[in-house]
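Participant: Here it is: the structure, laid out below.
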Amino acid sequence: MVRVMSGRKGLLLLPALLAVMALGWVVGWATSSGKSEYAIVAFALTAIFVNLYFSHLEKRGIVLEDERTLRINEIASRRTLQITGIGLAVALLVLSGKTSDPRMEGAFITVGLVLAVMSALHLLFRHYYGRVM
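Here the sequence shown is numbered in this note's numbering, starting from 70 and rising by one per residue.
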């Protein structure tokens, strides 16, 4: 069952929605103009603004996420990372047979590094949360 926010809570999300829409415009403009550094700065500023805005709403006692929503997000994130990891592993196996082609060598290295970093982060977070919780 999907619950749609209506009324006051829906309006409370409007500043965050407008910030994300502005981010899309800035990223589109920056990439078409060849100024990708502006896109990166805009992304960082939007992330900070949205985080601060949601923190402000939370301090005012407005609940946007409950325990069930957080658990659903955790499960969805875990499945997404598992599928991404499997996809990267398959891509690494496919590219390993094509390392003699110089054009594929960069892709092979990139996929291998992304998979290694993803695995290392997973292990670090498991260690960290094992100690904290």
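No residue lacks a Cβ here, since even glycine has one placed at the ideal position from N, Cα and C.
#1: Please report the straight-line C-alpha distance between V96 and L86, rounded to a whole angstrom.
#2: Please name the residue, chosen from T149, S169 and M173, that lies closest to A218 on a Cα-to-Cα basis.
#3: With a CB to CB cut of under 8 Å and the five nearest residues on each side skipped, what residues in its chain are close to V119?
#4: Within the same chain, show all residues whose beta-carbon is closer than 6 Å to that of V71, passing over the 5 residues directly before and after it, in chain order.
#5: Rounded to whole angstroms, what is the Cα-Cα separation between R148 and F194?
#6: Between which two residues does the alpha helix (DSSP H) containing V96 stretch?
#7: I think L81 touches I131, with their Cβ atoms under 8 Å apart; what is that distance to the nearest whole Å?
#8: According to DSSP, is G130 helix, strand or coil?
#9: When DSSP labels each residue in this structure, what does G199 get in the three-state scheme?
Facilitator: In short:
#1: The alpha-carbon atoms of V96 and L86 are separated by roughly 15 Å.
#2: Here the chain covers residues 70 to 202 and nothing more, so residue 218 does not appear.
#3: The answer, listed in chain order, is A85, A88 and V89.
#4: With a pLDDT of 40 at V71, under the threshold of 50, the modelled position of this residue cannot be trusted; read the value that follows with caution. Same-chain partners within the cutoff: there are none.
#5: So the two alpha carbons sit approximately 16 Å from each other.
#6: V96: member of the alpha helix (DSSP H) spanning L83 to S102, first to last residue.
#7: Their Cβ separation, rounded to whole angstroms, is 6 Å, which keeps L81 and I131 in contact under 8 Å.
#8: DSSP places G130 in coil when its eight states are reduced to three.
#9: In the three-state reduction of the DSSP assignment, G199 falls in the helix class, which pools H, G and I.
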